[in-house]
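S.K.: Protein chains in written order, with my numbering: chain A, 1 to 185; chain B, 1001 to 1185. Where a beta carbon is used, it is the ideal one built from N, C-alpha and C, also for glycine. One structure is given below, represented as structure tokens, and several questions about it will come after.
There are 2 protein chains.
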Amino acid sequence: MVLRFVTTNDGKWLEVSLVFAEHSVRVERINARVLEIQSDDLAEIARTSALDAYAKFGGDVVVEDAGLFVEALNGFPGPYSSYVFRTIGIDGLLRLMRGARDRSAVFRSAVAHVDREGKVSVFLGEVRGFIAESPRGTGGFGFDPVFVPEGSERTFAEMTPEEKNLRSHRAKAVRELIRNLRSIA
Amino acid sequence: MVLRFVTTNDGKWLEVSLVFAEHSVRVERINARVLEIQSDDLAEIARTSALDAYAKFGGDVVVEDAGLFVEALNGFPGPYSSYVFRTIGIDGLLRLMRGARDRSAVFRSAVAHVDREGKVSVFLGEVRGFIAESPRGTGGFGFDPVFVPEGSERTFAEMTPEEKNLRSHRAKAVRELIRNLRSIA
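Structure follows, in structure tokens:
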């Protein structure tokens, strides 16, 4: 079996391809956009995107949706992290956090796989952490320069992809998928 | 012909029903959620929602999608205005605008109609204005308390629904739909 991972995001592809390689799972990239719905529920977004990918590209497709949920901001930017990053950016997020005592946040990931029969499975991963006072690092993408995972002093952007994968929401969700594929194989 | 306007938003229904009544167009409300996609393009969001409404409820359905596009924030919150309002709210928007010289913004609306044959038409309306320094008024909904339309000194929330309808993006888009229905009737 060769999985096909659908994403237009190079950073995301780099991270997930490393996790698949760790576990010797063969995967190809499909660089294409798929339907993305508006919802507060990442799992529902990923599920719908995966079914759209299945309709377009057939079975054994995988998609991933992720978001940064900041406690003091009622979960904002959540599922719309990519749009928020493109518009108000890290500077906007830090402005919103100015004076906030609670800087805790969670990065969440939902990975959805559709098998050859059209059956969808969704796997979740998350990592708790804090919003830094200012951006640090040049790795990763999106809000990585201001996210410090619990147990670390570095931001995700100060880590190599391999280091980020040891802790990240996305790597955890991908590993859940791999565990599941192995258990049914 | 009786149109069916699909929305779960009471404020939206009040405004559009007044515009339809002005023009003696019969309309009923369907209080239901429909598919809403992620896109930077309101017309595309409204079109997709309308097709979903058509699949669920049949022909002569109408949906509306709107957003507040703030110049200094690269169009944020745009199509995600409802989510942004629910999370960081007016206070968050004003924080992001602190110190901004350019307070100009546009409220945009896309109204999509599907006829009995499944043909979709989308009508746009917009109103330019400014983000107020602080919220005023209790009418309208969402970001209305901080939006002052050009040519007015009051916010949308300081107007009655009828007054808001004289200027609003939503009323303009609904009137475009009515004009179109009349021209083909």
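Quick check on this structure: which residue in B/Glu1064, B/Gly1092 and B/Phe1147 has the alpha carbon closest to the alpha carbon of B/Ala1105?
M.R.: Taking only the C-alpha atoms, the option nearest B/Ala1105 is B/Phe1147.
S.K.: Counting only Cβ pairs nearer than 7 angstroms, list the residues of chain B close to A/Tyr83.
M.R.: What A/Tyr83 touches in chain B: Tyr1080.
S.K.: Can you tell me the Cα-Cα spacing of A/Ser17 and A/Arg175, whole angstroms?
M.R.: Using only the alpha carbons, I get a separation of about 11 angstroms.
S.K.: Comparing C-alpha positions only, which one of B/Thr1007, B/Thr1155, B/Gly1125 and B/Asp1115 sits nearest to B/Ile1131?
M.R.: Considering only alpha carbons, the answer is B/Thr1155.
S.K.: Out of B/Val1006, B/His1113 and B/Pro1149, state which residue places its alpha-carbon closest to the alpha-carbon of B/Leu1166.
M.R.: Checked all of B/Val1006, B/His1113 and B/Pro1149; the closest Cα to B/Leu1166 is B/Pro1149.
S.K.: Give me whichever residues DSSP pairs with B/Asp1065 in a beta bridge.
M.R.: Looking at the DSSP assignment, B/Asp1065 forms a beta bridge with B/Ala1110.
S.K.: To which residues of the same chain is A/Glu126 closer than 6 angstroms at the C-beta, ignoring the five residues directly before and after it?
M.R.: The residues are Val106, Arg108 and His169.
S.K.: Considering just the uninterrupted stretch of the alpha helix (DSSP H) at B/Arg1128, what are its terminal residues?
M.R.: Counting along the chain, B/Arg1128 falls outside any alpha helix (DSSP H), though it belongs to the beta strand (DSSP E) covering Val1120 to Ile1131.
S.K.: Taking its Cβ as the centre, do 16 or more other Cβ atoms sit within 10 Å of B/Ala1066, making it buried, or is it exposed?
M.R.: With 16 or more other Cβ atoms within 10 Å, it is buried.
S.K.: Can you tell me whether DSSP reads A/Phe5 as helix, strand or coil?
M.R.: A/Phe5: strand per DSSP, three-state reduction.
S.K.: Compute the beta-carbon to beta-carbon distance between B/Ala1209 and B/Val1002, rounded to the nearest angstrom, for a pair I have assumed lies under 8 angstroms.
M.R.: Examination of residue 1209 of chain B is not possible in this model, given that chain B is present from 1001 through 1185 alone.
S.K.: Could you check whether the Cβ of B/Asn1074 sits closer than 8 angstroms to any Cβ belonging to chain A?
M.R.: Yes, its Cβ sits closer than 8 angstroms to a Cβ of chain A.
S.K.: What residue range is occupied by the uninterrupted alpha helix (DSSP H) comprising B/Phe1020?
M.R.: B/Phe1020 -> alpha helix (DSSP H) spans Asp1010 to Glu1022.
S.K.: Check whether the Cβ atoms of A/Val63 and A/Val19 lie closer than 8 angstroms to each other.
M.R.: Contact: no.
S.K.: Tell me which same chain residues have a C-beta within less than 8 angstroms of the C-beta of B/Glu1036, skipping the five on either side of it?
M.R.: Cβ neighbours of B/Glu1036 beyond the five flanking positions: Ile1045, Thr1048, Ser1049 and Asp1065.
S.K.: Pull up the distance between the alpha-carbon of A/Tyr83 and that of A/Arg98, whole angstroms please.
M.R.: Distance between the alpha carbons of A/Tyr83 and A/Arg98 is about 21 angstroms.
S.K.: In chain B, what lies closer than 7 angstroms to A/Leu35 by C-beta?
M.R.: Those are Ile1037, listed as they occur along chain B.
S.K.: Can a CB atom of chain B be found closer than 8 angstroms to the CB of A/Thr7?
M.R.: Not an interface residue.
S.K.: For A/Arg95, go through chain B and note every residue whose CB falls closer than 7 angstroms to its CB, in chain order.
M.R.: Within chain B, the residues near A/Arg95 are Arg1095 and Leu1096.
S.K.: Of the residues B/Val1027, B/Ala1173 and B/Pro1077, which one's Cα is nearest the Cα of B/Ala1112?
M.R.: That would be B/Ala1173, whose Cα lies nearest to the Cα of B/Ala1112.
S.K.: For A/Pro79, which of helix, strand or coil comes out of DSSP?
M.R.: Three-state DSSP puts A/Pro79 in coil, outside helix and strand.
S.K.: Alpha carbon to alpha carbon, how far is A/Trp13 from A/Gly140?
M.R.: Taking the straight line from one Cα to the other gives about 11 angstroms.
S.K.: In terms of residue numbering, what span does the beta strand (DSSP E) encompassing A/Ile251 cover?
M.R.: In the structure as shown, chain A begins at 1 and stops at 185. Residue 251 of chain A is therefore absent and cannot be evaluated.
S.K.: Taking the alpha helix (DSSP H) that A/Pro145 falls in, what are its first and last residues?
M.R.: First-last for A/Pro145: undefined, no H or E at that position.
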